[in-house]
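For reference, the structure discussed in these notes is given below.
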Amino acid sequence: MTSPAETSFQFRHQVFTFHPYHEGMVPILSSELREHYRHHGWLLVDDALEISVDELRAEVDEIASWDESGEWLHHFEMTDRGRQLARTENFTPFSPRLRELLGAGTISRIASELLGEEALLYKEKINYKLAGGAGFSPHQDKPAYPFVDVVLSVMVAVDDATVENGCLYVASGWHHDLLDQDERGCLSPAVVEHLDWRPAPLRAGQTLFFHALTPHRSGPNSSTRDRRALYPTYNGVSEGDLRDAYYAAKIEAFQHPDEGDRVRLSLIGDFEGRPA
Ligand SMILES: O=C(O)CCC(=O)C(=O)O
308 MTSPAETSFQ
318 FRHQVFTFHP
328 YHEGMVPILS
338 SELREHYRHH
348 GWLLVDDALE
358 ISVDELRAEV
368 DEIASWDESG
378 EWLHHFEMTD
388 RGRQLARTEN
398 FTPFSPRLRE
408 LLGAGTISRI
418 ASELLGEEAL
428 LYKEKINYKL
438 AGGAGFSPHQ
448 DKPAYPFVDV
458 VLSVMVAVDD
468 ATVENGCLYV
478 ASGWHHDLLD
488 QDERGCLSPA
498 VVEHLDWRPA
508 PLRAGQTLFF
518 HALTPHRSGP
528 NSSTRDRRAL
538 YPTYNGVSEG
548 DLRDAYYAAK
558 IEAFQHPDEG
568 DRVRLSLIGD
578 FEGRPA
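In C-alpha cells:
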C-alpha cells in the first residue's frame with residue numbers, strides 16, 4: 308500500500324457545455340484535472356449540473372413522494388425521529404429529467420473522460436440522510452458492485468453536505484487495490500485506523516467524482532436539516548451495459564428480510580441505520 312497523498316479539496320472546474328461523449332472529442336477536463344483524479348482517486352467539479360439546484364431538488368422531492376408500488380426501490384430506516392426514507396434507487400426509468408441528466412449530460416461526459424472510454428450508467432441512488440439519519444461505515448464501493456471491474460462513483464450534492472450533517476470523509480490515494488475487509492464487506496479496523504481521513508464538504512450543486520476503490524465513510528446527520536445527495540455510478544462501455552443485471556441481482560439478494568441491528572441498503576453492510 309502506498310501512503311496517502313496531498314488531500315485538500317481545492318480543485319475546481321467550471322463546466323458550462325453539454326455534449327454527448329465521443330472518443331477523440333475535445334475533453335472537458337484539463338490534463339491537470341485528469342491527473343489529479345488519477346493520483347488522488349477523486350475530483351471535485353463545481354458546475355457539472357445542467358439544471359439548477361432548485362430544479363434538482365424539485366426532482367428529488369418528486370421521487371421521494373412516489374409510493375411503494377412501482378419498480379423503483381425505496382429503503383427506510385428507523386431514527387429517533389421515526390421511520391424515514393433513507394434511499395431510493397432504480398429511478399431513472401421513471402424520471403426523464405434525471406435519466407437525461409445522468410445518462411447524457413456533462414456528468415456522464417466527465418465520467419467518460421475519467422474512465423477513458425464512454426461511460427454507461429451502472430446504477431443510481433439518492434441517499435436522503437434526512438435530519439437524524441444514520442451514517443456509513445468506512446468502505447470501498449467496489450465489493451458492492453458485481454459483474455464489473457472498473458467503476459466510477461459520483462456524488463451530486465442536492466443540499467450542502469457538511470461535517471455536522473454527515474458529509475463524506477475520503478482517504479486520498481488508496482484507489483489502486485481492494486483493502487482488507489470485515490465480515491460486513493466494510494474496511495477492517497486496522498485499515499480504518501491506518502488511513503488519513505479528510506472531510507469532503509460539498510456545496511449544493513457540486514459534484515464529487517471518486518474511484519469505486521477510494522475509501523470513504525460518513526457520519527450521521529446530527530443537524531436539523533436534511534442532507535440529500537444523488538449518486539450515479541458508471542462503468543466503461545467495454546464491460547457492457549450491466550444496469551439490468553445489477554438490479555436483478557440486488558432484488559434477488561433483498562428477497563430476505565433484514566437480520567441484526569442494521570437495515571440493508573446495499574450488497575455490503577455499510578449503512579449504519581436501524582431496521583424500520
Ligand atoms: O451518503 C453518504 O453519506 C455516504 C454514502 C455511501 O458511502 C454509499 O452509499 O456508499
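When we follow the working numbering, the leftmost residue of the sequence shown carries the number 308, and every step to the right adds one.
Heads up, the beta-carbon is just placed ideally off N, CA and C, and yes, glycines get one too.
Since we're looking at a predicted model, the values are computed, not measured.
Quick check: Leu392 and Ala418, are their CB atoms within less than 8 Å of each other? Not in contact: Leu392 and Ala418 (Cβ atoms no closer than 8 Å).
Under 7 Å from any heavy atom of ligand 1, does the C-beta of Phe443 make it? Yes, Cβ of Phe443 sits closer than 7 Å to a heavy atom of ligand 1.
Between the segment 432-440 and the segment 529-542, do three or more beta carbon pairs fall short of 8 Å? yes
For a test of your reading of the model: does the CB of Lys436 fall under 7 Å from any non-hydrogen atom of ligand 1? Yes or no. yes
Return yes when at least one heavy atom of ligand 1 lies under 7 Å from the C-beta of Gly580, else no. Checking the Cβ of Gly580 against ligand 1 gives no.
Which runs of the alpha helix (DSSP H) at least 4 residues long sit entirely within the segment 411-443? Give them in chain order. 413-422
Tell me the rounded alpha-carbon separation between Gln562 and Tyr553. 15 Å
What's the call for Asp448, buried or exposed, on a 16-neighbour Cβ count within 10 Å? buried
When the distance is taken between beta carbons, is Ala536 closer than 8 Å to Ala464? yes
Closest by CA to Ser402, which one among Arg394, Trp373, Ile414, His382? Trp373
Give every residue of the same chain whose Cβ lies closer than 7 Å to the Cβ of Phe454, excluding the five residues on either side of it in the sequence, and list them in chain order. Leu549, Ala552, Tyr553
Ordered list of beta strand (DSSP E) runs contained in the segment 444-506, each at least 3 residues: 458-464, 475-477
Delimiting residues of the alpha helix (DSSP H) encompassing His523: His523 -> not in any alpha helix (DSSP H); beta strand (DSSP E) instead, spanning 523-525.
Verify the contact flag: Asp448, CB atom, against every heavy atom of ligand 1, threshold strictly below 7 Å. yes
Alpha carbon of Val470 to alpha carbon of Trp481, nearest angstrom: Roughly 22 Å between the two C-alpha positions.
What's the C-alpha gap between Leu502 and Ser376? Their backbone Cα atoms lie some 42 Å apart in a straight line.
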